[in-house]
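Trainee: Please find one structure pasted underneath; my questions will follow.
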Amino acid sequence: PWTHRGRSFGLVCNILSTSHHGFRRKLSTQSPFFKISPEVQQALSENRPIVALESTIYTHGFPHPQNLSLASSLETLIRTHGGVPATIGILDGIARVGLSSPELERLVSALNPLKISRRDFGFALGRGSRRNGGTTISATMILAHLAGIKVFATGGLGGVHRGAESTWDVSADLTELGRTPVCVISSGCKAFLDLPRTLEYLETQGVGVATFADGRDPAASGVDFPAFWTRESGVPSPKVLRDEVDGAEVIYAHFGLGLQSGLFFANPIPEEHSLPKEAMDAAIDEALRHADAAGAVGAAATPFILDKIREVTGSRSLEANRALVEANVVRGTKVAMELVRLES
Ligand code: PSU
Ligand code: MN
Numbered sequence: 005p006w007t008h009r010g011r012s013f014g015l016v017c018n019i020l021s022t023s024h025h026g027f028r029r030k031l032s033t034q035s036p037f038f039k040i041s042p043e044v045q046q047a048l049s050e051n052r053p054i055v056a057l058e059s060t061i062y063t064h065g066f067p068h069p070q071n072l073s074l075a076s077s078l079e080t081l082i083r084t085h086g087g088v089p090a091t092i093g094i095l096d097g098i099a100r101v102g103l104s105s106p107e108l109e110r111l112v113s114a115l116n117p118l119k120i121s122r123r124d125f126g127f128a129l130g131r132g133s134r135r136n137g138g139t140t141i142s143a144t145m146i147l148a149h150l151a152g153i154k155v156f157a158t159g160g161l162g163g164v165h166r167g168a169e170s171t172w173d174v175s176a177d178l179t180e181l182g183r184t185p186v187c188v189i190s191s192g193c194k195a196f197l198d199l200p201r202t203l204e205y206l207e208t209q210g211v212g213v214a215t216f217a218d219g220r221d222p223a224a225s226g227v228d229f230p231a232f233w234t235r236e237s238g239v240p241s242p243k244v245l246r247d248e249v250d251g252a253e254v255i256y257a258h259f260g261l262g263l264q265s266g267l268f269f270a271n272p273i274p275e276e277h278s279l280p281k282e283a284m285d286a287a288i289d290e291a292l293r294h295a296d297a298a299g300a301v302g303a304a305a306t307p308f309i310l311d312k313i314r315e316v317t318g319s320r321s322l323e324a325n326r327a328l329v330e331a332n333v334v335r336g337t338k339v340a341m342e343l344v345r346l347e348s
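And the structure:
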C-alpha cells in the first residue's frame with residue numbers, strides 16, 4: 005500500500021480494504037461515524053503534504069479563546085508552508101479528519117468536551133449523540149492512519165508519569181505509538197513526566213525516537229531528548245536527525261518496510277522561547293503537589309497539572325507552549341513535503 009498510496013484515494017481504499025487490515029478499513033469509511041473533509045480527501049488523492057493536528061490540546065490544554073486563535077494559526081502556518089492541515093476531533097458524535105473553520109470553532113468552543121483516547125471511541129461516537137471531544141495523540145493517530153496520513157505535529161507527547169511504579173499511569177499515547185504507523189512530531193515530553201522511563205517504554209514498544217539537532221553538533225555534545233519547555237533535559241536522545249530530509253528518509257524506510265509501529269520525532273522548543281529550567285522545576289513541583297492533594301488521577305491528571313503550571317508561571321508556560329507547537333507544525337510540514345518528494 006505504501007508505494008501506491010499517493011496515486012488516488014479510490015485506490016487507497018481498495019488496497020487497504022483488501023489488505024490484512026480489512027477490519028480497520030471497515031472502521032473508517034464504512035463507519036457512519038467517520039468522515040474525511042473534502043479538502044483532505046482531495047489532498048490525499050493528489051498526494052499532497054498533509055499534516056494531522058490533534059484537538060485535545062484545544063479542548064483540554066489551552067483556555068478559551070486562546071485555543072481558538074491557536075487552532076486557526078496552526079492551520080494557517082501549515083498552509084503558508086505549502087501543506088494541507090487536517091485537524092482531527094469528534095464533532096456531533098462523528099470522528100472527523102479535517103474541519104471547516106466554523107466546525108473548528110464549534111469544536112474548540114464546545115461546552116464540557118470529552119477527552120478522547122483510544123478507549124473512548126465507542127462511548128463518544130454515534131449513540132444518537134451531540135457529543136464533541138478533543139482527540140488525544142493516541143486517538144488522533146488512529147484517525148490519521150485510517151485516513152492515510154503519516155505525519156502528525158503537536159505540542160507534547162503523553163508519557164510515563166512520575167511515580168508510575170505505584171500509580172501505573174502510563175499515557176495511552178505510548179502504546180499507540182507501538183501499534184499505529186504514524187510519525188508524531190512534538191517537543192518531547194513535558195518535564196512533569198518521567199523522561200527516562202518514557203524512553204524505556206517507547207523502546208519496548210518498538211517506537212523509533214529521534215530528536216532534531218537544530219543547529220547543535222551531536223558529535224560534540226550529544227543531543228538531549230527535550231523536556232517541552234526546555235531544550236535540555238539531561239536525558240540523551242536515542243537518535244538524532246540532521247534535518248527534515250533526514251526525518252523523511254527515516255519515515256520512508258520505516259513505513260516502507262510495512263512496520264506497524266510509529267515514529268516519534270522530538271523538536272526542541274526554539275531557544276528564544278524556552279523557559280529557565282529552575283523556574284519550571286519549581287512550578288512543576290508545586291503543580292504536582294496540587295494534583296496530588298486534589299486527587300487528580302487518570303485522564304484528569306494531565307489537564308489538571310497543565311492548568312496549575314499555567315497558574316504558577318503566570319501564563320508564561322502558555323506562551324512557550326504556543327511557540328513550540330507552532331515550531332513543530334512548521335517542522336512537520338517540511339517533513340511531510342520531503343516525504344511526498346521521496347514517494348513520487
Ligand atoms: N501536552 C500538552 N497539552 C495537551 C496534551 C499534552 O502540552 O493538551 C494532551 C495531548 O492530547 C496528549 C494527552 O495526547 O494530553 C495525554 O494525556 P494523558 O497524559 O492523559 O494520556
Ligand atoms: Mn494517564
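Numbering (full-length UniProt numbering), first residue to last: 5 to 348.
From the three backbone atoms N, C-alpha and C, an ideal C-beta is built for every residue, glycine too.
Based on the DSSP secondary-structure assignment, which residues constitute the bridge partners of Lys-243?
Mentor: To locate residue 243, count along the sequence shown from 1; it is residue 239. The partner list for Lys-243 (beta bridge, DSSP) reads Ala-214.
Trainee: If we call anything under 9 Å between Cβ atoms a contact, is Ala-168 one with Arg-123?
Mentor: The residue you call residue 168 lines up with position 164 of the sequence shown. The residue you call residue 123 lines up with position 119 of the sequence shown. Ala-168 is not a Cβ neighbour of Arg-123, given a cutoff of 9 Å.
Trainee: Note down the Cα distance separating Ala-340 from Pro-53, rounded to an integer number of angstroms.
Mentor: Taking the first residue of the sequence shown as 1, we reach residue 340 at position 336. Taking the first residue of the sequence shown as 1, we reach residue 53 at position 49. Distance between the alpha carbons of Ala-340 and Pro-53: 5 Å.
Trainee: So, is Asp-296 buried or exposed, given that buried needs 16 or more other C-beta atoms within 10 angstroms?
Mentor: Taking the sequence shown and counting its residues from 1, one reaches residue 296 at position 292. By the 10 Å Cβ count, Asp-296 comes out exposed.
Trainee: Out of Val-88, Lys-243 and Glu-236, point me to the one whose CA is closest to Ser-278's CA.
Mentor: In the sequence shown, residue 278 corresponds to position 274, counting from 1. Ranking Val-88, Lys-243 and Glu-236 by Cα distance to Ser-278 puts Glu-236 first.
Trainee: Less than 8 Å separating the Cβ of Asn-271 from some heavy atom of ligand 1?
Mentor: Within the sequence shown, numbered from 1, the residue matching residue 271 stands at position 267. No, since every heavy atom of ligand 1 falls outside the 8 Å radius drawn around the Cβ of Asn-271.
Trainee: Looking only at C-alpha atoms, which of Leu-81, Ala-75, Ala-176 and Glu-347 sits nearest to Thr-306?
Mentor: Here residue 306 is taken as the residue at index 302 of the sequence shown, counted from 1. Nearest of Leu-81, Ala-75, Ala-176 and Glu-347 to Thr-306, Cα basis: Ala-176.
Trainee: Could you check if Pro-67 is buried or exposed, using at least 16 other CB atoms within 10 Å of its CB as the buried criterion?
Mentor: For the purposes of this step, residue 67 is identified with residue 63 of the sequence shown, where counting begins at 1. It counts as exposed.
Trainee: Helix or strand or just coil, what does DSSP make of Asn-332?
Mentor: Mapped onto the sequence shown, residue 332 falls at position 328. Here Asn-332 sits in helix by DSSP.
Trainee: Taking the DSSP output, what are the residues bridged to Leu-279?
Mentor: Sequence index remark: in the sequence shown, residue 279 carries index 275 (1-based). The partner list for Leu-279 (beta bridge, DSSP) is empty, contrary to what the question assumes.
Trainee: Which of the three DSSP states, helix, strand or coil, is assigned to Ala-165?
Mentor: Numbered from its first residue, the sequence shown carries residue 165 at position 161. Residue identity check: residue 165 is His in the sequence provided, not Ala. Reduced to three states, the DSSP call for His-165 is strand.
Trainee: Please classify Ile-146: does DSSP put it in a helix, a strand, or coil?
Mentor: Indexing the sequence shown from 1 puts residue 146 at position 142. Under the three-state reduction of DSSP, Ile-146 is assigned to helix.
Trainee: Determine which residues share a DSSP beta bridge with Asp-311 and list them.
Mentor: Here residue 311 corresponds to residue number 307 of the sequence shown, with the count starting at 1. Bridge partners of Asp-311: none, in fact.
Trainee: Counting only the same chain and skipping the five closest in sequence on each side, list residues whose C-beta sits under 7 Å from that of Thr-184.
Mentor: Within the sequence shown, residue 184 is the residue found at index 180, counting from 1. So the list reads Met-145, Ile-146, His-149 and Gly-266, once near-sequence residues are dropped.
Trainee: Please report the distance separating the alpha-carbon of Leu-115 from that of Arg-166.
Mentor: Start at 1 with the first residue of the sequence shown, and residue 115 comes out as number 111. Start at 1 with the first residue of the sequence shown, and residue 166 comes out as number 162. So the two alpha carbons sit approximately 31 Å from each other.
Trainee: Here's a check: name, in chain order, each residue in its chain whose Cβ is nearer than 7 Å to the Cβ of Gly-26, leaving out the five neighbours to either side.
Mentor: Sequence index remark: in the sequence shown, residue 26 carries index 22 (1-based). In this prediction, Gly-26 scores a pLDDT of 43, lower than 50, which makes its location untrustworthy; the coordinate-derived value is nonetheless stated afterwards. The answer is none, since no qualifying residue turns up.
Trainee: Strictly by DSSP, which residues pair up with Thr-234?
Mentor: As a working note, residue 234 is residue 230 in the sequence shown. Beta-bridge pairing links Thr-234 to Ala-231.
Trainee: Would you call the stretch 246-260 in contact with the stretch 303-322, where contact means no fewer than 3 C-beta pairs closer than 8 Å?
Mentor: no
Trainee: Following the continuous beta strand (DSSP E) through Phe-268, name the residue where it begins and the one where it ends.
Mentor: Counting from one through the sequence shown, the residue named residue 268 turns up at place 264. Unbroken beta strand (DSSP E) run through Phe-268: 267-270.
Trainee: How would you label Thr-171, buried or exposed, when you count the other beta carbons within 10 angstroms and need 16 or more for buried?
Mentor: Walking along the sequence shown from the start, residue 171 turns up at place 167. Exposed.
Trainee: With DSSP run on the structure shown, which of helix, strand or coil describes Val-344?
Mentor: As a working note, residue 344 is residue 340 in the sequence shown. The answer is helix: DSSP assigns Val-344 an H, G or I state.
Trainee: One question on the structure: do residue 396 and Ala-214 come within less than 9 Å of each other, judged by their Cβ atoms?
Mentor: There is simply no residue 396 to check, as the chain begins at 5 and stops at 348 in what is shown.
Trainee: Spatial neighbours of Ala-217 within its chain, please: CB distance less than 7 Å, with the 5 preceding and 5 following residues excluded, ordered by chain position.
Mentor: For the purposes of this step, residue 217 is identified with residue 213 of the sequence shown, where counting begins at 1. Excluding positions up to five away in sequence, the list reads Val-227, Val-244, Leu-245 and Arg-246.
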